[in-house]
Amino acid sequence: MPVRKTIDSPEIKEALTTMVATLAERHGQTDSLIVVGIADGGVELARRLTKLLDQALGRTLETGVVNVAFQRDDIGQNPIPKQAAATHLPADVDNATVLLVDDVLSTGRTIRAAIEELFSIGRPGRVELAVLVDRGHHCLPFSADVAGFVEETDLSEDVVVNLNQNQPADDRITITSRD
294 MPVRKTIDSP
304 EIKEALTTMV
314 ATLAERHGQT
324 DSLIVVGIAD
334 GGVELARRLT
344 KLLDQALGRT
354 LETGVVNVAF
364 QRDDIGQNPI
374 PKQAAATHLP
384 ADVDNATVLL
394 VDDVLSTGRT
404 IRAAIEELFS
414 IGRPGRVELA
424 VLVDRGHHCL
434 PFSADVAGFV
444 EETDLSEDVV
454 VNLNQNQPAD
464 DRITITSRD
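Here the working numbering is used: the first residue of the sequence shown is 294, the next is one more, and so on.
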């Protein structure tokens, strides 16, 4: 698969810094903020954003994971993986501000499934979305409140985000063509 574009670690680090500055400004006075990564792509990004937000806000935020496997509307096309992170929310989401985090926003179907899973557990006061890459092609009325990169892609392209928990210097976003 031919690579059209690569975004490396320094650019990703800069994007995360910008995302955190925006989120810290927006949530400096938010009492109950919970950062929730969408399994599996959003988990490492949520971990990093939480760590940086903790520093920026001077407090420790709650963080969790939401598994969308059982809420997907395309289970027939994309079977449920045998191993998937279970939904785990560290605090009561009722009336809280939940920051959903995912690596890539495309059609919006994963976001819809994450919101359904979240609301099956409780009723947040507000839900916001942070993504590393917004690639367009939205089929549902969802947009990111904060995005690290906005990359116009073709439907024949794949956007692959690799965030290495142990070696952030190896982080990379690759946009490849399936043709």
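The C-beta atom is built at its ideal place from N, Cα and C for all residues, glycine as well.
Residue closest to residue i, alpha-carbon to alpha-carbon, out of the options
i, options, result
"Gly480", "Ala349, Glu410, Ser436 and Lys344", "This structure cannot settle anything about residue 480, because the visible part of the chain is limited to 294 through 472."
"Val359", "Arg352, Lys344, Ala349 and Gly335", "Gly335"
"Lys298", "Val453, Asn457 and Leu425", "Val453"
"Ser413", "Thr380, Ile468 and His430", "Thr380"
"Thr431", "His320, Asn388 and Glu444", "In the sequence as presented, Thr is not what sits at residue 431; that position holds His. With distances taken between Cα atoms, His431 lies closest to Glu444."
"Asp324", "Ala440, Thr315, Asp387 and Asn455", "Asp387"
"Glu337", "Ser470, Ile468, Asp472 and Gln460", "Gln460"
"Arg319", "Leu448, Val426, Arg419 and Arg405", "Arg419"
"Ala362", "Arg341, Arg405 and Leu342", "Arg405"
"Gln322", "Ala389, Leu342 and Val296", "Ala389"
"Thr315", "Ile468, Asn455, Thr469 and Asp438", "Asp438"
"Leu382", "Gly415, Ile305 and Gly351", "Gly415"
Residue environment, residue i, which counts as buried when at least 16 other CB atoms sit within 10 Å
i, result
"Asp396", "buried"
"Leu346", "buried"
"Pro417", "buried"
"Glu307", "exposed"
"Val424", "buried"
"Gly357", "buried"
"Thr311", "exposed"
"Leu448", "exposed"
"Arg471", "exposed"
"Arg341", "buried"
Pairwise C-alpha distance: residue j and residue i
i, j, result
"Ile331", "Leu398", "11 Å"
"Leu411", "Ala384", "12 Å"
"Asp301", "Ala440", "16 Å"
"Asp333", "Thr343", "16 Å"
9 Å Cβ cutoff met for residue i and residue j
i, j, result
"Arg428", "Thr403", "no"
"Val329", "Ala317", "no"
"Leu354", "Leu326", "yes"
"Phe442", "Ile466", "yes"
"Leu392", "Leu433", "no"
"Pro295", "Thr469", "yes"
Distance between beta carbons of residue j and residue i, contact taken as under 8 Å
i, j, result
"Ala349", "Val394", "In fact, because the Cβ distance is near 16 Å, the residues do not count as touching under 8 Å."
"Asp463", "Asn457", "4 Å"
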